[in-house]
Amino acid sequence: MNKIKGILKNSDYEDYWDFINYQIDGYWLDEKLDELYPDNMFKGLIPTLVYWMERDDEKEVVWNRILPNENETMICPILMCPDDNDFSCTLIVAEIKNYGQIIQWKKIGIDKTKEWDAEKVGSTVEWFEKLTELNFSKQDYLTMIETFKQQFLFDKLRIEENIKK
1282 MNKIKGILKN SDYEDYWDFI NYQIDGYWLD EKLDELYPDN MFKGLIPTLV YWMERDDEKE
1342 VVWNRILPNE NETMICPILM CPDDNDFSCT LIVAEIKNYG QIIQWKKIGI DKTKEWDAEK
1402 VGSTVEWFEK LTELNFSKQD YLTMIETFKQ QFLFDKLRIE ENIKK
């Protein structure tokens, strides 16, 4: 069984806020992808579960797909480029299956969908061959999602306060 956590990480970029990131079996997901696929600039990609995604329709897709219903499979965007904060740039997706007490990331890949409709994301994917499936206990997975939700609410308040100033 793999271990997944949402842990506060310092941004790799000076101008960006710190954020909750995926830590799987003790490694940061973006750094593992960069190690397996060098020269693709995967290090520094940020989770799509952050508040500051640019488009509400894309935010909705992410939150609706991150935990499929039991016995369902979804392709969910999990990492994105911090410059654009949307689906238009580098976008990493996972094929997620809910087995009840186990949540599986069967495959991870880079989204190649050309259409600009948020619902179409994951239609065309170049799957990474150097990654094996990841299996998480449902409890660990729910805890990870809750960590992201708490940070989401915190960042929402922080951004709204900055807008008022």
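Using our numbering, the letters of the sequence shown map in sequence onto residues 1282 to 1446. The C-beta atom is built at its ideal place from N, Cα and C for all residues, glycine as well. Quick caveat, the model's predicted, so the values are computed rather than measured.
Mind checking Met1425: buried by the 16 CB within 10 Å criterion, or exposed? When all chains shown are included, Met1425 counts as buried.
Can you check whether the CB of Leu1360 is closer than 8 angstroms to the CB of Leu1310? Yes, the pair counts as a contact, with Cβ atoms nearer than the cut-off.
Let me confirm a value: Lys1340 is counted as buried when at least 16 other C-beta atoms fall within 10 Å, else exposed. Which label applies? Lys1340 should be labelled buried.
Would DSSP call Leu1354 helix, strand or coil? Per the sequence shown, the amino acid found at residue 1354 is Thr instead of Leu. If DSSP states are grouped into helix, strand and coil, Thr1354 belongs with the strands.
Would you identify the three-state DSSP class for Phe1417, choosing helix, strand or coil? Phe1417 sits in a strand when the DSSP states are folded into three classes.
Measure the alpha-carbon distance for Ile1285 versus Glu1427 and round it to whole angstroms. The straight-line gap from Cα to Cα measures roughly 12 angstroms.
Helix, strand or coil at Lys1278 according to DSSP, with G and I counted as helix: Residue 1278 lies beyond the range of the chain shown here (1282 to 1446); nothing can be said about it.
Within 8 angstroms (strictly less), CB to CB, does Asn1443 reach chain C? The structure shown contains no chain C, having only a single protein chain.
Do the CB positions of Arg1346 and Ala1399 come within less than 8 angstroms of each other? No, they are not a contact pair.
How about Pro1349 and Asn1302: are their beta carbons less than 8 angstroms apart? No, the pair does not count as a contact, with Cβ atoms beyond the cut-off.
Beta-carbon proximity of Ile1377 to Thr1354, cut-off 8 angstroms: Result yes, Cβ atoms of Ile1377 and Thr1354 sit closer than 8 angstroms.
Kindly indicate which three-state DSSP category Leu1360 falls into: helix, strand or coil? Correct three-state label for Leu1360: strand.
Under DSSP, the alpha helix (DSSP H) around Trp1344 begins and ends at which residues? Here the alpha helix (DSSP H) through Trp1344 covers Asp1337 to Arg1346.
Taking 8 angstroms as the threshold, find out whether the stretch 1355 to 1374 comes into contact with the stretch 1313 to 1333 through three or more Cβ pairs. Yes, the stretch 1355 to 1374 is in contact with the stretch 1313 to 1333.
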